[in-house]
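S.K.: I'd like to ask you about the structure that follows.
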Amino acid sequence: MLSPPSPSPASQRKNDDDDDDEKGFDEGVFACCYLVASLSEQHKGKTYVGFTVNPKRRLLQHNGQYANAGAKYTKKLRPCEMVLCVYGFPTKTQALGFEWAWQNPTTSRAVKDLAQNKLKIGSRHSTILNKSLLGLAMLNLSPWRHLPLVVHFFNDTHKRDVLENAEKKDVNIPSHVRVEVGEMNELDAYVKEHNPTKTSKKKRRKRDDNDDDDDDLESEDFLPLQSQDSDIFMSSQRVSKQQHQQHQQHVCEVCLRQSNSTEGGNNTDSEYADEEEVCCTCSSCGAHAHLVCLAENFFKYGRDLHSDKENRDEDAIHESYELIPEKGPCPRCDRVQSWGDVLASRSRGKRNVAPKHRAQDSADKEMNTAEKRAQKRAKINSWTEEIEIDSLSPPAFG
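Counting from 1, one number per residue, gives the positions in the sequence shown under UniProt numbering.
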């Protein structure tokens, strides 16, 4: 059984970056937005939307199995069950932005029109079906429509009900978004595998204490996120950055060049290192490319689609404001895929090569350590020899 974390005052959780990362992005850490529903007869059907880095522990908190933990609102909803969660956010900040918009559909600039005009859902419409459909529909909106997200249902009944009603209400899930179903233990195994394990107890405890539903956050904290496609493009490139790409020799299918980091230089710390990275961009054929090169190809594909339209000038004006391409063909197999598909392929490719990189990094580290020890011993030996020579030499008299 999990041991409850020591309670901390609310003042300790005002900063949602948790200081786990110097940049404040918490890159590569599992973060999800979830929907819980009450199982009590009095409040059955009422829901709550939250954020967490550990769904299993968070559900225990909502059900009162952790002292002084869990959102205040869910105390009256106990016992609760977790209906679904959305994960795969590149950064914790983006997950928090999704959570806030999901909680406040009539306030969020990105979600307001969808909620009020298409789904006819207000902030008080918090049934399981309404909240689930809203969460799925948000996956088509900026700034989340290009992210390689996963929707995880915790039982088949909820999945079937939600997806059937989504079809009736014309709520489509982007092609690159994976929908899965599984018990909490299955997801928990993935969380433990995905999240860093070498975290100090102090940092882990602090993260646990700050892993709540952000009841005291001001709405303005996330308003700028609602329409910033450029943030998604750049931060998605920063996500899960591997600093050992020199071990993988891949060529861009578009420009036929390798990344700079594989050509003898060491630009992994450069501001533009991610732009020069050649990564897997197609799940069908395994093609590799620079993201920038592929984006240019996708934009060209979009221009060609509109070339025979009378309103070509209007399309060109509209395109000038597009910071992320919608879709385009793979440069190797010509399969048309969305930009979200590309990011999902890139993310899967990084997870597959990560163990090899860690093993190589460990070997390099051991070799470097051995070399340093040898150099240190040689240095000490040279000092010893100098001292012995000096002691045998006759003293010099003036």
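For each residue, glycine too, the CB sits at the ideal point set by N, CA and C. A quick note: this is a predicted structure, and the numbers were derived from the prediction, not measured.
Could you spell out the range, first to last residue, of the alpha helix (DSSP H) harbouring P55?
M.R.: 55–62 is the extent of the alpha helix (DSSP H) around P55.
S.K.: Cα separation between H338 and G302?
M.R.: For clarity, residue 338 is Ser in the given sequence; the question names His instead. Rounded to whole angstroms, S338 to G302 spans 12 Å at the Cα level.
S.K.: Which residues mark the beginning and the end of the beta strand (DSSP E) in which L35 is found?
M.R.: Unbroken beta strand (DSSP E) run through L35: 32–38.
S.K.: Taking Cβ to Cβ, would you say F30 is nearer than 8 Å to H152?
M.R.: No; because the gap between Cβ atoms is not below 8 Å, this pair is not in contact.
S.K.: Considering Q94, what are the terminal residues of the alpha helix (DSSP H) in which it resides?
M.R.: From DSSP, the alpha helix (DSSP H) with Q94 extends over 92–103.
S.K.: What is the residue span of the alpha helix (DSSP H) that A137 lies within?
M.R.: Start and end: 128–138.
S.K.: When DSSP builds the beta bridges, which residues end up paired with L84?
M.R.: Paired residue(s): L35, F153.
S.K.: Can you tell me whether A101 is buried or exposed, with buried defined as 16 or more other CB within 10 angstroms of its CB?
M.R.: Classification of A101: buried, given that the 10 Å Cβ count is 16 or more.
S.K.: Would K118 and V49 be called neighbours here (beta carbons separated by less than 8 Å)?
M.R.: Against a cut-off of 8 Å, the Cβ pair of V49 and K118 comes out as no contact.
S.K.: Assuming G340 contacts H62 under a Cβ cut-off of 8 Å, what Cβ separation, rounded to an integer in Å, is found between them?
M.R.: Contact flag wrong, Cβ pair sits at about 31 Å.
S.K.: Between the C-alpha atoms of Q42 and Y34, what's the straight-line distance to the nearest angstrom?
M.R.: For Q42 and Y34, the distance between alpha carbons rounds to 22 Å.
S.K.: In whole angstroms, what is the alpha-carbon distance linking P329 and P174?
M.R.: Answer to the nearest angstrom: the Cα atoms are 17 Å apart.
S.K.: Should the region 105–114 be regarded as contacting the region 68–86, the criterion being three or more beta carbon pairs within less than 8 Å?
M.R.: Judged by Cβ distances under 8 Å, the region 105–114 makes no contact with the region 68–86, as fewer than three pairs qualify.
S.K.: On the DSSP bridge list, what partners appear for V336?
M.R.: The partner list for V336 (beta bridge, DSSP) reads P329.
S.K.: Quick test of your reading: C80 and S38, contact by CB under 8 Å. State the CB separation rounded to the nearest angstrom.
M.R.: Yes, C80 and S38 are in contact; Cβ-Cβ is about 6 Å, under 8 Å.
S.K.: In terms of residues, what are the limits of the beta strand (DSSP E) holding C280?
M.R.: It spans 278–280 - the beta strand (DSSP E) in which C280 sits, taken as one unbroken run.
S.K.: Taking the alpha-carbon positions, what's the residue 409 to L141 distance?
M.R.: Given that the chain is displayed from residue 1 to residue 398, the structure contains no residue 409 and the question cannot be resolved.
S.K.: Who are the near neighbours of G122 in its chain, counting only those whose CB is closer than 6 Å to its CB and skipping five residues on each side?
M.R.: Within the same chain, G122 has close Cβ partners T106.
S.K.: Are the Cβ atoms of R335 and C282 separated by less than 8 Å?
M.R.: The answer is yes: Cβ separation under 8 Å.
S.K.: Report yes if the CB atom of V150 is closer than 8 Å to the CB atom of G97, and no otherwise.
M.R.: Their beta carbons are not under 8 Å apart, which means V150 does not touch G97 by this criterion.
S.K.: Measure the CB-CB distance between V36 and L59 and report whether it falls below 8 Å.
M.R.: Contact: yes.
S.K.: For G45, count neighbouring C-beta atoms within 10 Å of its own C-beta (all shown protein chains included) and say buried if the count is 16 or more, exposed if not.
M.R.: Exposed, since its Cβ has fewer than 16 Cβ neighbours within 10 Å.
S.K.: Have a look at E253 and L139 and give me their C-alpha separation to the nearest angstrom.
M.R.: For E253 and L139, the distance between alpha carbons rounds to 29 Å.
S.K.: Let me check one thing: in DSSP terms, what residues is H290 bridge-paired to?
M.R.: Beta-bridge pairing links H290 to V278.
S.K.: Should R346 go down as buried or exposed, given a rule of 16 or more other Cβ atoms within 10 Å for buried?
M.R.: R346 is buried by the Cβ-count criterion.
S.K.: Is it buried or exposed, E218, if we count other Cβ atoms within 10 angstroms and call 16 or more buried?
M.R.: Reliability fails at E218, whose pLDDT of 36 lies under 50, so the model's placement of it is uncertain and no value is given.
S.K.: Do you know whose CA, among L133, K92, A137, lies nearest A110's CA?
M.R.: The shortest Cα separation from A110 among L133, K92, A137 belongs to A137.
S.K.: For A378, count the other beta carbons within 10 Å of its own beta carbon; 16 or more makes it buried, fewer makes it exposed. Which is it?
M.R.: The residue in question, A378, is exposed, as its Cβ has fewer than 16 Cβ neighbours within 10 Å.
S.K.: Counting only the same chain and skipping the five closest in sequence on each side, list residues whose C-beta sits under 7 Å from that of R326.
M.R.: The question names Arg, but residue 326 is Glu in the sequence shown. These residues qualify, in order along the chain: G302, S338, W339.
S.K.: From D20 to E164, what distance separates their C-alpha atoms?
M.R.: Per-residue confidence for D20 stands at a pLDDT of 36, beneath the threshold of 50, marking its modelled position as unreliable; the derived number appears in the next sentence. Each residue's Cα considered, the two are about 40 Å apart.
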